[in-house]
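Inspection log for the structure reproduced underneath, given as structure tokens.
Pasting the structure below:
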């Protein structure tokens with residue numbers, strides 16, 4: 124069924140990139156961990172719902188912007204696709220560079236305010252999601268197929284995959300686990316950096 128919506132190779136590329144993106148902790152993950160550690164499952168789940176609300180808003184902004192680009196100029200869209208691939212390579216190289224030094228300040232901060240509201244504001248205040256969607260979507264779209272179903276499939280992959288991963292982080296936090304011990308963080312940065320560089324090259328080849 125999905126093969127009639129978007130090619131399998133591009134779907135697998137998107138799934139791989141999204142998993143790496145979701146597994147790499149950022150401000151939102153640390154905030155969810157803090158709510159889980161101090162407030163339990165209910166607070167963590169509320170924060171996850173707020174994060175997904177922010178992600179949905181960024182995704183819609185990205186989709187509407189890409190739609191305008193497609194309507195204006197197919198060439199501009201192709202340039203954006205290559206720029207997105209370059210951005211993935213830059214993210215990977217940055218992760219490898221930062222992994223050279225041990226991570227500091229990895230403990231989750233104490234949460235403040237309502238989990239849902241704080242998560243929405245945290246996600247909207249961090250445009251990394253918009254930049255990442257802007258890098259991923261152009262390289263995964265097939266212009267000869269209807270775009271709406273492709274956007275829907277990629278959103279479903281994003282929502283389901285990230286929800287599962289965020290729940291995993293929340294479970295660790297609720298259980299009292301230390302989310303980002305320094306030696307674990309270093310290797311996570313190295314692996315995700317290498318994978319992102321590889322994905323950037325693949326996206327450039329498919330652009």
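Numbering (my numbering), first residue to last: 124 to 330. Glycine is no exception: its CB is placed at the ideal position from the N, C-alpha and C atoms. Please read these numbers as outputs of a predicted model, since none were measured by experiment.
Using 10 angstroms around the beta-carbon of residue 240, count the other beta-carbons present and answer buried if the total reaches 16, otherwise exposed. Locating residue 240 in the chain shown gives position 117, where the first residue counts as 1. By the 10 Å Cβ count, residue 240 comes out exposed.
According to DSSP, simplified to helix, strand and coil, what is residue 154? Looking up residue 154 in the chain shown gives position 31. Residue 154: helix per DSSP, three-state reduction.
Please report the distance separating the alpha-carbon of residue 256 from that of residue 185. Along the chain shown, one-based indexing puts residue 256 at 133. Along the chain shown, one-based indexing puts residue 185 at 62. Spanning the two alpha carbons is a distance of roughly 7 Å.
Assigned secondary structure, residue 390 (DSSP; H/G/I helix, E/B strand, else coil): Because the chain spans 124 through 330 in this model, residue 390 falls outside it and cannot be assessed.
DSSP-derived helix/strand/coil call for residue 165: Taking the chain shown and counting its residues from 1, one reaches residue 165 at position 42. Correct three-state label for residue 165: helix.
Using a Cβ-Cβ cutoff of less than 7 Å, which residues in the same chain neighbour residue 277 once the five nearest sequence positions on both sides are dropped? Start at 1 with the first residue of the chain shown, and residue 277 comes out as number 154. Excluding residues within five positions, the ones whose Cβ falls inside 7 Å are 137, 260, 263.
From residue 143 to residue 134, what distance separates their C-alpha atoms? Numbered from its first residue, the chain shown carries residue 143 at position 20. Numbered from its first residue, the chain shown carries residue 134 at position 11. Roughly 14 Å between the two C-alpha positions.
Beta carbon of residue 171 nearer than 8 Å to that of residue 295: As a working mapping, residue 171 is identified with position 48 in the chain shown. As a working mapping, residue 295 is identified with position 172 in the chain shown. Contact flag unset, no.
Chain D contact for residue 152 (CB, 8 Å cutoff): Here chain D cannot be found, since the structure has a single protein chain.
Hey, out of 220, 298, 279, 213, whose CA is closest to residue 324's CA? The sequence position of residue 324 within the chain shown is 201, counting from 1. Closest option to residue 324, Cα to Cα, is 213.
Express the C-alpha separation of residue 181 and residue 252 in angstroms, rounding to a whole number. Sequence index remark: in the chain shown, residue 252 carries index 129 (1-based). Sequence index remark: in the chain shown, residue 181 carries index 58 (1-based). Their Cα atoms are separated by approximately 7 Å.
Delimiting residues of the alpha helix (DSSP H) encompassing residue 281: Position 158 of the chain shown holds residue 281. Taken as a continuous stretch (DSSP letters only), the alpha helix (DSSP H) holding residue 281 covers 270–297.
Quick one, are the C-beta atoms of residue 173 and residue 238 less than 8 Å apart? Locating residue 173 in the chain shown gives position 50, where the first residue counts as 1. Locating residue 238 in the chain shown gives position 115, where the first residue counts as 1. Yes. Within cutoff.
Neighbourhood of residue 280 by C-beta distance below 7 Å, restricted to the same chain and skipping five residues each side: Within the chain shown, the letter at position 157 stands for residue 280. Around residue 280: 137, 138, 141.
Could you give the distance in angstroms between the alpha-carbon of residue 220 and the alpha-carbon of residue 320? For this step, residue 220 is matched to residue 97 along the chain shown. For this step, residue 320 is matched to residue 197 along the chain shown. Using only the alpha carbons, I get a separation of about 12 Å.
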